[in-house]
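A short write-up of the structure that comes next.
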Amino acid sequence: MTAIHERRVDLGCGENRYLEAGDGPPLLLLHGMGMASSANGFDLLIPHLAGRFRVLAPDLLGFGLGTRAVQAGPTFELIVDQLREFMDRLGLSRVHLVGHSLGGWVGNLLAYESPQRVSRLVALCSAGLNVQPAAGIRATAIPSRPQVEALVRGWLHDASRVSDGDLAHVVDTLVAAANAPGALESLDPLLAQQENPALRARYLLMRRLPFVEVPTLVVWGEHDPLEPYPVWKAEASQVDHDFTRCSRPWAAPRARFASLPTGHYPHWELPRETAHLIAPFLLAND
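Per the numbering used here, the very first residue in the sequence shown carries number 1373; after that it's consecutive.
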């Protein structure tokens, strides 16, 4: 059984909690959006990666069980700054990145701004490509445990793939983060950037992806209700998966495309298969 260690490091924004496991090339896992989101969203995936990587999963600024209240944030700018500072404090000059949903959005922004810090990037069901924000991203009350479990089941394509124990663990970690002090109001600045059309347009990835030179693997859940898998599938087929030929300014020039038969959380539904898909890409030398 892979040991996952919970650690904390002091950054300029306050105490940053992160998970660490394994040994090898450093790999940062960046979680998604939501007042209940945290690094623990990767608990089912980490054991399948820790045999080949030094896996580090930080709570993004404003999320999780570390310092959540930030005077000017979180915002996209401050989250990316936090990741660079996190890497500096841990002595990581260059890392692989796997970002899920919001984490894919943030990971692409980091690769765009600091390509020398990112070796390879996996965008897993990435956000940041839709002009309109997903419905219901702003919580108005702390959800109950039954409400959280119902949400989790709705994000999965086939909940029977997740054992009762793993499902209970996922729900428990989400409930813990949702009940952390400041959870309800801490994300207001980031939500404002996502909900305001003018601000959202400033950070949308289609403006930056053509300039992301980092080798990128774009992975979609084939039954993801939140992100535009059918559009990506059609585009990938039209250009024979050569994104340098894209007609839309959406894809990084060194991007590849793959999918898994899941909903929005491949790493909950099929963690072993998710790891088997992304690990060879991250370790490749081409």
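Every residue, glycine too, gets a C-beta built ideally from N, C-alpha and C.
Just so we're clear, the structure is a prediction, and the values are computed from it rather than from any experiment.
Check whether residue i and residue j have beta carbons under 8 Å apart
i       : j       : result
Leu1661 : Thr1588 : Given a span of 1373 to 1658 for the chain in the structure shown, any question on residue 1661 remains unanswerable.
Gly1524 : Leu1501 : Per the sequence presented here, residue 1524 reads as Val, with Gly not at that position. Contact flag unset, no.
Gly1423 : Gly1404 : no
Phe1435 : Ser1409 : yes
Ala1339 : Val1591 : No answer is possible for residue 1339: the residues shown for the chain start at 1373 and end at 1658.
Gly1476 : Cys1497 : yes
Arg1626 : Glu1585 : yes
Pro1561 : Pro1446 : yes
Arg1380 : Glu1392 : no
Leu1437 : Ala1522 : no
Val1452 : Val1478 : yes
His1595 : Thr1646 : no
Ala1666 : Val1490 : Any question about residue 1666 goes unanswered here, given that the chain covers just 1373 to 1658.
Ser1558 : Arg1440 : yes
Ser1486 : Arg1456 : yes
Leu1421 : Ala1564 : no
Assigned exposure category for residue i - 16 Cβ within 10 Å defines buried
i       : result
Gln1566 : buried
Ala1656 : exposed
Gly1384 : exposed
Phe1458 : buried
Val1470 : buried
Gly1413 : buried
His1377 : exposed
Phe1583 : exposed
Thr1374 : exposed
Arg1389 : buried
Ser1473 : buried
His1672 : Outside the displayed range of the chain (1373 to 1658) lies residue 1672, so it cannot be described from this structure.
Gln1488 : exposed
Gly1593 : buried
Gly1659 : Because residue 1659 is not part of the residues shown, which for the chain are 1373 to 1658, the question remains open.
Ala1411 : buried
Gly1386 : exposed
Pro1419 : buried
Pro1515 : buried
Leu1654 : buried
Integer Cβ distance of residue i from residue j, believed to fall under 8 Å
i       : j       : result
Leu1416 : Pro1643 : 4 Å
Leu1450 : Leu1402 : Contact doesn't hold; Cβ gap of about 14 Å is too wide.
Val1542 : Trp1640 : 6 Å
His1636 : Leu1598 : 5 Å
Asn1480 : Arg1579 : 11 Å between Cβ atoms; not a contact.
Interface flag, residue i vs chain C, CB-CB below 8 Å
i       : result
Asn1568 : The displayed structure is made up of one protein chain only, and chain C is not part of it.
Cβ-heavy atom distance, residue i to the ligand ADP, below 7 Å
i       : result
Pro1569 : Ligands in the displayed structure: none, and consequently the ligand ADP is not present.
Review point. Three or more beta-carbon pairs under 8 Å between the segment 1462-1472 and the segment 1395-1403, yes or no?
Key: Yes: the two stretches touch, three or more of their Cβ pairs being nearer than 8 Å.
Review point. Just checking, does the segment 1569-1578 make contact with the segment 1545-1556 on the three C-beta pairs under 8 Å criterion?
Key: At 8 Å Cβ cutoff, the stretches do not touch.
Exercise for review: Please go through the segment 1507-1565 and give each complete beta strand (DSSP E) segment of 3 or more residues, from N-terminal end onward.
Suggested key: Unbroken beta strand (DSSP E) stretches of 3 residues or longer found wholly inside the segment 1507-1565: none.
Practice item. Report the residue ranges of all alpha helix (DSSP H) runs contained in full by the segment 1392-1422; include only those spanning at least 4 residues, in chain order. Key: You should have 1418-1421.
**Study point:** Ranges of the beta strand (DSSP E) found wholly within the segment 1456-1507, counting only runs of at least 3
**Key:** 1467-1472, 1490-1496
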